[in-house]
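**Q**
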Amino acid sequence: MRRVLVTGGAGYIGSHTCLELLNAGFEITVVDNLSNSTEESLQRVSTLTGKEIAFVEVDLQDVRGLDTVFSKGDFETVIHFAALKAVGESVSQPLQYYQNNVTGTINLCQAMQSHGVTDLVFSSSATVYGLPKILPLTEQSETLIHEVTNPYGRTKLMVEFVLKDWQRACPEMNIALLRYFNPVGAHVSGQIGEDPSGLPNNLLPYVSQVAVGKLEKLGVFGDDYETSDGTGVRDYIHVVDLAVGHVLAVKKLSEKPGVVTYNLGTGIGYSVFQIIAAFEEASGRKIPFEILPRRTGDIAACYADPSLAKLELGWTANRGIQEMCVDGWRWQSNNPNGYAS
Ligand code: NAD
Ligand code: WQD
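In my numbering, the protein residues as written are -19 to 321.
(1) Can you say whether residue 140 is buried or exposed, counting buried as having 16 or more other CB atoms within 10 angstroms of its CB?
(2) Would you mind reading off the limits of the alpha helix (DSSP H) that contains residue 77?
(3) Grouping DSSP H, G and I as helix and E and B as strand, with all else coil, what is residue 101?
(4) Which residue wins for smallest C-alpha separation from residue 39, given the options 149, 136 and 87?
(5) Is it buried or exposed for residue 150, if we count other Cβ within 10 angstroms and need 16 for buried?
(6) What is the DSSP secondary structure of residue 242, counted as helix, strand or coil?
(7) Between which two residues does the beta strand (DSSP E) containing residue 267 stretch?
(8) Does the segment 281 to 292 come close enough to the segment 104 to 116 that 3 or more CB-CB pairs lie under 8 Å?
(9) Alpha carbon to alpha carbon, how far is residue 157 from residue 48? Give it in angstroms, no decimals.
(10) The ligand NAD heavy atoms versus the CB of residue 46: any closer than 7 Å?
(11) Whole-angstrom Cβ separation of residue 301 and residue 186, contact assumed at under 8 Å?
(12) Please name the residue in 107, 13 and 219 whose C-alpha comes closest to that of residue 277.
(13) With a threshold of 6 Å on Cβ separation, who are the neighbours of residue 100 within its own chain once the five nearest residues in sequence on each side are excluded?
(14) Have a look at 5, 234, 211 and 7 and flag the residue whose alpha-carbon is nearest the alpha-carbon of residue 252.
(15) Which residue marks the beginning of the beta strand (DSSP E) containing residue 156, and which one marks its end?
(16) In its own chain, which residues sit with a C-beta less than 8 Å from the C-beta of residue 105, not counting the 5 before and 5 after it?
(17) Rank 142, 296 and 1 by C-alpha distance to the C-alpha of residue 239 and give the top, closest one.
(18) Considering only C-alpha positions, which residue in the set 271, 307, 230 and 55 is nearest to residue 96?
(19) Residue 3 to residue 98, Cα distance in whole Å?
(20) Between the Cα of residue 144 and the Cα atoms of -13, 287 and 89, which residue gives the shortest distance?
(21) Less than 8 Å between C-beta atoms, sequence neighbours within five positions excluded: which residues of the same chain meet that for residue 224?
(22) Tell me the DSSP secondary structure of residue 250 in three-state form.
(23) Quick one: using the 10 Å Cβ neighbour count with 16 as the cut-off for buried, is residue 241 buried or exposed?
(24) Please report the straight-line C-alpha distance between residue 229 and residue -15, rounded to a whole angstrom.
(25) How about residue 184 and residue 30: do their beta carbons lie closer than 8 Å?
(26) Locate the beta strand (DSSP E) running through residue 218, then write down its first and last residues.
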């Protein structure tokens, strides 16, 4: 089995995927500029698996550096996680987001092309569906660039178009576009997990930091949506289930399918209040909260129809909301300051 190159492999989803790839017998090289991660995550993955990870600190803007990585490796597949992902920051720094996420991907594709690497798995997002008109969302649901609610989301949809055009021009390419819903939780060991810098943007990291006592209370962004209890509903997916989905996508590409697109979600939506209750049960801690106005750009509800991934990858999300919260809490309580603790 030849090597898999993992861009952004030191990050949250990347580190969990590295672990699953190693356990599945793949050899891996990680490139990451460590702009939102630390090498400690990879050291812990090595310890957990007893296997080595080749790590190169490279920025995807560094065309020469990338070329050197490809010259030294014999890669069959690339899994491309490396991106900036803070929605609010993308509104204030759009050029940085388009440069990093879109140009970075094009640099990667060019390096793949010059070194004859044909298989690519791309981290897309449910955000490409914009404002859902019909739920659950299938891969056929509309993706309209002007309806995506922020520049970060538009970088994901733009890259999807870039990759489809590339594959049309180069039919030997095989590309899996994986649209993640809301990844949460952590590896069962409590050794690796999500380590946001600064104030968390997403619900679960915020709730865990309230539970551990680092933050005083959660702000609930709106309780007047047309949902069962008025709070926003999302399809939370355990990060280990998501990581396993990548291993199956890598295997799928060896069938030479051209471009394939899969929703990776559970198909079940939970409200903010349901998440608070599940996390209180998992942690045995009270989560104080206050109701705040709606957050700009938020949608009422979003959840997947994940049946295509089941049919074509043989993938289903096996871990439920309680396991997501228990595993997330184990990581947070063992590592109150993330990898720095
Ligand atoms: P993360 O920030 O933890 O991981 C991204 C990694 O990429 C980091 O280690 C960062 O240092 C690295 N990186 C960023 N720009 C780089 C560059 N120019 N060169 C080299 N390395 C670079 O984020 P994550 O949550 O693990 O997300 C991984 C991917 O999944 C991203 O593409 C993200 O957009 C996508 N995604 C994430 C979510 C989510 O909620 N976490 C949902 C949907 C899609
Ligand atoms: C979930 C729910 C909030 C924080 C974002 C990106 C998306 C994707 C995943 C990468 C919503 C509510 C949240 C808080 C709250 N990322 N909430 N208080 O908005 O579904 O998706 O992350 O691709 O692109 O937009 O996730 O975790 O931010 O919010 O009440 O402090 O929790 O309003 O209903 P979201 P989230």
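Even glycine gets a Cβ: it sits at the ideal position worked out from N, Cα and C.
**A** In short, the structure shows the following:
(1) The residue given as residue 140 occupies position 160 in the sequence shown. Answer is buried; the Cβ neighbour count reaches 16.
(2) Locating residue 77 in the sequence shown gives position 97, counting from the first residue. Counting along the chain, the alpha helix (DSSP H) containing residue 77 begins and ends at 74 to 77.
(3) The residue you call residue 101 lines up with position 121 of the sequence shown. Residue 101: strand per DSSP, three-state reduction.
(4) If you number the sequence shown from 1, residue 39 lands on position 59. It is 87 whose Cα lies nearest to the Cα of residue 39.
(5) Along the sequence shown, read from residue 1 onward, the residue named residue 150 stands at position 170. So residue 150 counts as exposed.
(6) Your numbering for residue 242 matches position 262 in the sequence shown. Residue 242 falls in the strand class under three-state DSSP.
(7) Residue numbering aside, residue 267 sits at position 287 when the sequence shown is read from its first letter. No beta strand (DSSP E) holds residue 267; DSSP gives it neither H nor E.
(8) yes
(9) What you label residue 48 is simply residue 68 of the sequence shown in a count that begins at 1. What you label residue 157 is simply residue 177 of the sequence shown in a count that begins at 1. Each residue's Cα considered, the two are about 26 Å apart.
(10) Working through the sequence shown from its first residue, we reach residue 46 at position 66. Flag unset: Cβ of residue 46 not near the ligand NAD.
(11) If you number the sequence shown from 1, residue 301 lands on position 321. If you number the sequence shown from 1, residue 186 lands on position 206. In fact, because the Cβ distance is near 16 Å, the residues do not count as touching under 8 Å.
(12) Translated into positions along the sequence shown, residue 277 becomes position 297. Checking every option, the nearest Cα to that of residue 277 belongs to 107.
(13) Counting from one through the sequence shown, the residue named residue 100 turns up at place 120. Result list for residue 100: 58 and 155, in chain order.
(14) The sequence position of residue 252 within the sequence shown is 272, counting from 1. Among 5, 234, 211 and 7, the Cα nearest to that of residue 252 is on 211.
(15) One-based indexing of the sequence shown puts residue 156 at position 176. 154 to 160 is the span of the beta strand (DSSP E), which, as asked, contains residue 156.
(16) If you number the sequence shown from 1, residue 105 lands on position 125. 133, 136, 159 and 160, listed in sequence order.
(17) Your numbering for residue 239 matches position 259 in the sequence shown. Considering only alpha carbons, the answer is 142.
(18) Taking the sequence shown and counting its residues from 1, the one referred to as residue 96 is at position 116. Measuring from the Cα of residue 96, the nearest candidate turns out to be 55.
(19) Within the sequence shown, numbered from 1, the residue matching residue 3 stands at position 23. Within the sequence shown, numbered from 1, the residue matching residue 98 stands at position 118. Going from the Cα of residue 3 to the Cα of residue 98 covers about 23 Å.
(20) For this step, residue 144 is matched to residue 164 along the sequence shown. Comparing Cα-Cα distances from residue 144 to each of -13, 287 and 89, the minimum goes to 89.
(21) Here the question's residue 224 lines up with position 244 in the sequence shown. Closer than 8 Å at the Cβ level, and outside the excluded window around residue 224, lie 0 and 295.
(22) Locating residue 250 in the sequence shown gives position 270, where the first residue counts as 1. Of the three classes helix, strand and coil, the one that applies to residue 250 here is strand, per DSSP.
(23) Walking along the sequence shown from the start, residue 241 turns up at place 261. Residue 241 is buried by the Cβ-count criterion.
(24) Your numbering for residue 229 matches position 249 in the sequence shown. Your numbering for residue -15 matches position 5 in the sequence shown. Rounded to whole angstroms, residue 229 to residue -15 spans 14 Å at the Cα level.
(25) Taking the first residue of the sequence shown as 1, we reach residue 184 at position 204. Taking the first residue of the sequence shown as 1, we reach residue 30 at position 50. In this structure, residue 30 does not lie closer than 8 Å to residue 184 by Cβ.
(26) Within the sequence shown, numbered from 1, the residue matching residue 218 stands at position 238. 216 to 218 is the span of the beta strand (DSSP E), which, as asked, contains residue 218.
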